[in-house]
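Numbering (full-length UniProt numbering), first residue to last: 1 to 555. Think of the CB as a built atom: it goes at the ideal place given N, C-alpha and C, for glycine as much as any other residue. Quick caveat, the model's predicted, so the values are computed rather than measured.
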């Protein structure tokens, strides 16, 4: 997010957005060549009015210098070049773009400043067509791809972007195609219709070539220094690995003080999710510090802002920001997709077991034996499948995970991929959907079923261990993902409590409070849970017509 990260990250983001705005304006101007050369030439007047004015040119130059220097600084601070594919592609493009871009910038700005050359479309297209057409088109594609990667991983943190992603993808693919088509078509038409006299002399071209060599030497010297810094830091770390990081399952690695937990994990092929690429804009790399947390440096302003936003406890840190100085034991809290993982022994975080707060739901079909007595097997199976299909669909539509079917019951988990607050809202919304399913089934069940269709739901929030049970010793095949812990037993207990209250749903107050919800007409009570000294506060709900959910807060 624009407001996320430290000041360097925000500055790099804003400079990147300015450069993207320039590229969008420039490439849109190119695309007008599809119509005619005159169209692109006339539109360029407005483009140059904005970007070649004293203010526009100053902002553009400062943005370019800021973006490049901060990118090089961030590269030099890396402890490893192991990274996700999109980060590697963005980095590689960022390092190669200057090679193709410097000659273009030297002509359009350097020669223009030094000799008064006007880089109008008439002149530039004549210079580029046809000998430099391939290089110029490759440059356009590289710049656009680099921008789209950065823009995608910036916008993906916004919920609205997920809805607009297909439209955004269409725009991302269409713009470079139209721009390349436009500038080539404009250059071709210009070459056929006019005999253009170039206003750049051979001496000026020679001057530009010398400047290009000098600029390339400076830029790629800085790149080499950045990469050399990574190599030196890595070689020194081989001799200075004085701390131990312990991961779930007893996996232990040696590391050098100063590296982040995310870098340490990547250097040792240990999967930790990182949607934003380690920029402290998301919270997917959060880990629980089991031991050694008191020795970690205090969170930076950027990290503290993210941790506060998700309501994290004092033992939760962002792996991309925490830099251990002594031994620590950590537990990743967000699962990693298997496709992003290298080692066969590290299929995903669930293979180890992930401990986090979730909402567990149990749904049961009341008096199923009585309902199905003396009924044909076909009718019984049809009714049961209809109920299970519709109820599980309602759970999934609200973001829940169907753990298992237990006879005529369902166990589901909410908040696995977000947080407990979001999971609580999703679970209550799913209950409202399931109530509609119950009413629909009762209305459509047919005269052969004399008793009404009634469902019972139990909801509870608490810490659970999420793991792939049966994953060990299966030659790489995954076992079923399930939740373990007291929260599961309590949720099941709440589901059976519906019989005592004649209710549709019994929910612990913890779920309602986490969701910021209100349920009008609910019966408040306390029950004694086996093994617990303090009674559990619950709400018994006969109808969810009185459910009021607060607006969601992005995680």
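When you compare each of the options to residue i by their alpha carbons, which one comes out closest?
i           : options            : result
residue 148 : 289, 403, 174      : 174
residue 101 : 136, 82, 129, 74   : 136
residue 481 : 464, 109, 490, 492 : 464
residue 225 : 25, 76, 533, 495   : 76
residue 250 : 329, 550, 231      : 329
residue 233 : 505, 524, 80, 515  : 80
residue 153 : 293, 492, 496, 275 : 275
residue 223 : 440, 72, 235       : 72
residue 283 : 495, 390, 312      : 312
residue 61  : 108, 86, 263       : 108
residue 26  : 380, 163, 183, 133 : 183
residue 227 : 78, 469, 517, 36   : 78
residue 31  : 387, 459, 181, 197 : 181
residue 418 : 404, 430, 399, 532 : 399
Going by DSSP, what residue range makes up the alpha helix (DSSP H) through residue i?
i           : result
residue 115 : 112-115
residue 423 : 420-444
residue 123 : 121-128
residue 264 : 261-267
residue 511 : 509-515
residue 498 : 498-501
Using a Cβ-Cβ cut-off of 6 Å (strictly less than) and excluding sequence neighbours within five positions of residue i, which residues of its own chain qualify?
i           : result
residue 522 : 539, 541
residue 185 : 33, 34
residue 343 : Confidence at residue 343 is low in this model, with a pLDDT of 39, below 50, so its placement is unreliable and no value can be given for it.
residue 144 : 176
residue 45  : none
residue 15  : 63, 66, 67
What do you get for residue i, buried or exposed, if any count of 16 or more other CB atoms within 10 angstroms of its CB means buried?
i           : result
residue 299 : buried
residue 158 : exposed
residue 498 : buried
residue 213 : exposed
residue 334 : buried
residue 346 : Residue confidence for residue 346 is low, a pLDDT of 39 falling below 50, so the modelled location carries little weight and cannot support an answer.
residue 54  : exposed
residue 490 : buried
residue 202 : exposed
residue 408 : buried
residue 193 : exposed
residue 519 : buried
residue 19  : buried
Whose C-beta lies closer than 8 Å to the C-beta of residue i among residues of the same chain, with five residues either side of it excluded?
i           : result
residue 219 : 68, 98, 102
residue 142 : 93, 96, 97, 100
residue 120 : 41, 44
Specify, as a first and last residue, the run of the beta strand (DSSP E) that residue i falls within.
i           : result
residue 528 : Element bounds for residue 528: n/a, residue is neither H nor E.
residue 252 : 252-255
residue 468 : 455-469
residue 291 : 286-291
residue 539 : 536-541
Can you name, in chain order, every residue of its own chain whose Cβ lies under 7 Å from the Cβ of residue i, other than the five neighbours on each side?
i           : result
residue 392 : 402, 410
residue 528 : 535
residue 326 : 243, 292, 295
residue 423 : 358, 359, 414, 415
residue 516 : 550
Report task. Let me know the alpha helix (DSSP H) ranges lying completely inside the segment 135-198, each 4 residues or longer, listed in chain order. Result -> The qualifying runs are 159-193.
Query raised in the report: Whole alpha helix (DSSP H) runs in the segment 11-97 with 4 or more residues, listed along the chain?
Result: Taken in chain order, the complete alpha helix (DSSP H) segments of 4 residues or longer contained in the segment 11-97 are 37-51, 54-76.
Report task. Output the residue ranges of the alpha helix (DSSP H) runs that lie fully inside the segment 305-335 and measure 4 residues or longer, sorted by chain position. Result -> Taking only runs of at least 4 residues, no alpha helix (DSSP H) segment lies wholly in the segment 305-335.
**Report entry** Those runs of the alpha helix (DSSP H) which lie wholly inside the segment 195-246 and span at least 4 residues
**Finding:** You should have 202-239.
Report task. Run through the segment 385-417 for me and flag every whole alpha helix (DSSP H) of 4 or more residues, listed as ranges in chain order. Result -> Counting only runs of 4+ residues, no alpha helix (DSSP H) is found wholly inside the segment 385-417.
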